[in-house]
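Engineer: I have a structure I would like to understand better, so I am pasting it below and will then ask my questions one at a time.
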Amino acid sequence: MKAPVDQYTPFTPTDDALVLASVSSPAEQELLNDWLAQQRRQHPDTNVEVLRLPHSDDPPPGVLAQLVEKLQADEDRSVVPVRVFWVPGGLPTRSKIVALLSGRDTYRPPEILQRRILRRDPSRARVVAGEPAKVSELRQQWADTTVAENAREFARFVIRRAALAIERVELRLLGPEYKSPRLIKPELLASARFREGLERIPGATVERAGEMLDELSTGWSRFSVDLIPSLGRAIFSRGFDPNIDYDRAEVEVMRRNLENHPAVLLFSHRSYLDGVIVPVAMQENRLPPVHTFAGINLSFGLMGPMMRHSGVIFLRRKLDDPLYRYVLRQFVGYIVEKRFNLSWSIEGTRSRTGKMLPPKLGLLAYVADAYLDGRSDDILLQPVSISFDQLHETAEYAAYARGGEKTPESLSWMYNFIKAQGERNYGKIYVRFPEAVSMREYLGEPHGSMTTDEDGKRLALQKMAFEVSWRILRATPVNATALVSALLLTTRGVALTLDPIHHTLQDSLDYLERKQTPMTNSALRLRTPEGVRAALDALSNSHPVTAVEGGRECVWRIAPEDEHEAAFYRNTLIDAFLETSIVELALAYAARSDGDRLEAFWNQAMRLRDLLKFDFYFADSSAFREHLAEEMSWHEDWETHVSAGGDRVNVLLRAKKPLIAGAMLRPFFEAYEIVADVLRDAPAEISEKELTKKALGLGNQYVAQGRVRSNESASALLFSTARQVAVDQDLLSAAADLAERRTAFRDELRDILRDMDTVEQISREQFYAREMQRRALRKPA
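Be aware that the sequence shown starts at 274, since it is given in my numbering, and climbs by one per residue.
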């Protein structure tokens, strides 16, 4: 029963060596004895002494006392950590599950099976030796990093160093996808840095800090690194194509980056599946796993221990305890210093509207502190775009838009969520890894001026987070679901046949290709009628498109009750058409303006950008103007046309394709207008809850009266950002002229909507002209 000697970490001969052997079964002891005998034959001049350690981070007092004695014997002796490494494979399923829930080393077979496994396959076990270190070197490291002084604490420190040295060897054997931190709690509690900080917090104790570390620690096991992605893949494969769509060039760039620096993977968040997809993507591409932050609300039932063992860190919803904030900050710093990767949603929560939410800076500030403290020479912020052809969660989001409440997470909720994944085919999942953002580039050198400049640091954090979000948006491919939903929403419930849907989509596809916007294969297939039909069939049966069959031709529509779901898909692509939509509205404004119409065009474009800044991401002011100027340059002598105003501007609008401002932006401006109308007779400091309630009531009235174009404008989700716009316009603070300013704001929004009417009228004329031409070509000679 001899195992092959590990080829990666040969024994390093010295005059005196203390082998710390972590073995805990007769089979492992025999393997160790064989290995020691071989080392002694190869290095007869070396005095090799062995101390057997149990598989435990906290050894019994007797073992600890022996180690204290052996460490005091000679400062020049080398300490060599040794362990039996079991190559994964062949464990019974029941043993795996028990090990998972107990947190045991799941790749170590049960003792009763070890001899049988080795008789059948001796290569399943290897004796591995970590890099040796002299006692004097270890003692200096201990003195530099901890506050402990007694010999027993030094012995515990040596055991922790030995375990970490073995982990590095095993990582080379397993691969980077199994990289996992250990000993976080004992390392932090023994740290001089950590203890010094605790002393500055009133009422803080080591015991309370330890309890918080227990709450944060993941108990990562190698089996969980395999199991959780497998479970995640099993869940989403019930309704999605099991093969996630990646950009392979992006994956390879990220792989090289992760070899040199720790990273924070910041992902877009549209579904609960996102937290599952990230570890799947890392494992499939043999990339180091990530510690994913999640709300403590997801730690329920069996999900809690399963997710903890796969690297999930559960956070409290409220960070109002100074000690908890400190422990969390130090925990993040330790993870970064040891070059492990972190992950969370940059939006903080799921977007219920489909568009990207503003970034949250809380956790990012802790990572920035770790960088500025010098715990890493750089930290990469890796944007991660996750998008879907369809989602079953859109029904839930539609309920939120109507004022519904969130369903609390529980085991029954989890069961229903998984069950819903198998109800139909939801298409593909797309994951993109655009270029990473360097923290060094924004914060300067570690220990630099930003360390004490809180205002400067916050501004840099905002810029970093914005850049990450911007790169996510630019990398997210436009899919067929979004394009078809956007088109059918413009018909206000009127059904269309296949041909006009196909022909109308071509202008949008031309625009996206000209702007080099990434598109999915499903979007590219919209060039053909067959591709359009496939997209319509996938969305039919009120998901959210309704197919009306039985006549001469099948026709498709979005019913009023399905508009909120369709709007979610449409909103995922608005950023691709945002600047061109603003161009259209600014042109319509210039056409009806007096004076310098070109200046009016630019002023209105900047005003629209300012009004929409809470709903969408924009380039900075100068880049935004450059983008609009570039787009207008597609039209010859455009500035002369705009300066002339009136019909000359309308000529530009009629030549522009697609005309899409109404399809993209009408629901948002109508939601703003509803809130502005509510504010006309509302108290100065109306609460957010009361404002939303009144806006929903008025919005539903306007929908019934036909005063707004669609149900989606009466949305609690849109009213939330509409309120932010009102606050930004200083319309929720008492003032002598508040009523006049509120009325003026409402009137401004109505003027914008009238400009939108103008653009939509020209768009309808284009549509009817194209339809007449198409039908004429189809008539027999």
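The C-beta atom is built at its ideal place from N, Cα and C for all residues, glycine as well.
Tell me where the beta strand (DSSP E) around I831 begins and ends.
Structural biologist: Counting along the chain, I831 falls outside any beta strand (DSSP E), and DSSP gives it neither H nor E.
Engineer: DSSP three-state label for S660, please.
Structural biologist: strand
Engineer: Note down, in chain order, each residue of its chain lying with its Cβ closer than 8 Å to the Cβ of F887, except the 5 sequence neighbours on either side.
Structural biologist: P631, T994, Q997, V998, D1001
Engineer: Helix, strand or coil, according to DSSP, for D349 in the structure here?
Structural biologist: Note: D349 maps to coil in three-state DSSP.
Engineer: Under the rule that 16 or more other beta-carbon atoms within 10 Å means buried, what is M1045, buried or exposed?
Structural biologist: exposed
Engineer: Can you grab the Cα-Cα spacing for the pair L291 / A310, in whole Å?
Structural biologist: Rounded to whole angstroms, L291 to A310 spans 15 Å at the Cα level.
Engineer: Kindly provide the ranges of any alpha helix (DSSP H) runs that are 4 or more residues long and lie completely inside the segment 954-980, ordered along the chain.
Structural biologist: Look at the segment 954-980 and you find these whole runs of alpha helix (DSSP H), each 4 residues long or longer: 961-978.
Engineer: Quick one: give me the first and last residue of the beta strand (DSSP E) that E903 is part of.
Structural biologist: Per DSSP, E903 belongs to no beta strand (DSSP E); it is in the alpha helix (DSSP H), 894-905.
Engineer: With a threshold of 16 other CB atoms inside 10 Å of the CB of N752, please say whether the residue is buried or exposed.
Structural biologist: So N752 ends up on the buried side.
Engineer: Assuming L636 and F566 are in contact, meaning their beta carbons sit under 8 Å apart, how far apart are those beta carbons, in whole angstroms?
Structural biologist: 6 Å
Engineer: Under the three-state reduction of DSSP, which class applies to L596: helix, strand or coil?
Structural biologist: helix
Engineer: Suppose only complete runs of 4+ residues qualify. What are the alpha helix (DSSP H) ranges in the segment 848-935, listed by chain order?
Structural biologist: 870-884, 894-905, 911-917, 920-928
Engineer: Cβ of F850 within 8 Å of Cβ of V915?
Structural biologist: no
Engineer: In the DSSP output, what is I508 paired with across the bridge?
Structural biologist: Under DSSP, I508 takes part in no beta bridge, so it has no partner.
Engineer: What are the boundary residues of the alpha helix (DSSP H) that includes T754?
Structural biologist: 753-762
Engineer: Check whether the Cβ atoms of G505 and E696 lie closer than 8 Å to each other.
Structural biologist: no
Engineer: Count the other CB atoms within 10 Å of the CB of E1038; is the residue buried (16 or more) or exposed (fewer)?
Structural biologist: Using a 10 angstroms sphere on the CB of E1038, the tally of other CB atoms stays under 16, which defines it as exposed.
Engineer: If you run the structure through DSSP and keep just helix, strand and coil, what is K788?
Structural biologist: Note: K788 maps to coil in three-state DSSP.
Engineer: For D347, collect the residues of the same chain with a Cβ closer than 8 Å to its Cβ; drop the 5 residues on either side in sequence, then sort them by chain order.
Structural biologist: Excluding residues within five positions, the ones whose Cβ falls inside 8 Å are D289, V408.
Engineer: When you compare only the Cα positions, how much space is there between F509 and Q414?
Structural biologist: Cα atoms of F509 and Q414: separation of roughly 47 Å, rounded to the nearest angstrom.
Engineer: Comparing C-alpha positions only, which one of A671, A672, D593, L437 sits nearest to E460?
Structural biologist: L437
Engineer: Drop a sphere of 10 angstroms on the beta-carbon of V479, count the other beta-carbons inside from all chains shown, and report buried for 16 or more, exposed for fewer.
Structural biologist: exposed
Engineer: What's the C-alpha gap between V818 and I855?
Structural biologist: 28 Å
Engineer: Could you tell me if E985 is buried or exposed, where buried requires 16 or more neighbouring beta carbons within 10 angstroms of its beta carbon?
Structural biologist: buried
Engineer: With burial defined as no fewer than 16 other Cβ atoms inside 10 Å of the residue's Cβ, what is the status of H720: buried or exposed?
Structural biologist: Exposed: under 16 other Cβ atoms inside 10 Å.
Engineer: Using the rule of at least 16 other Cβ atoms within 10 Å of the residue's Cβ for burial, across every protein chain shown, is G476 buried or exposed?
Structural biologist: exposed
Engineer: Please state the DSSP three-state secondary structure of L517.
Structural biologist: Per the sequence shown, residue 517 should be read as Ile rather than Leu. Coil.
Engineer: Per DSSP, E322 forms a beta bridge with which residues?
Structural biologist: BP columns for E322 point to L291.
Engineer: In the structure shown, what three-state DSSP assignment does E1044 receive?
Structural biologist: helix
Engineer: Between which two residues does the beta strand (DSSP E) containing S618 stretch?
Structural biologist: 614-618
Engineer: DSSP three-state call for P502: helix, strand or coil?
Structural biologist: helix
Engineer: Count the other CB atoms within 10 Å of the CB of L305; is the residue buried (16 or more) or exposed (fewer)?
Structural biologist: buried
Engineer: Taking the alpha carbon of L391 as the point to measure from, which residue in V360, A989, F891 has its own alpha carbon closest?
Structural biologist: V360
Engineer: By DSSP, does P802 sit in helix, in strand, or in coil?
Structural biologist: P802 carries a helical assignment under DSSP once its states are collapsed to helix, strand and coil.
Engineer: Can you tell me which of the three DSSP states T777 falls into?
Structural biologist: Of the three classes helix, strand and coil, the one that applies to T777 here is helix, per DSSP.
Engineer: Are there three or more Cβ pairs, one per stretch, closer than 8 Å when the segment 829-843 is compared with the segment 760-779?
Structural biologist: In short, these stretches touch, since the Cβ pair count reaches three.
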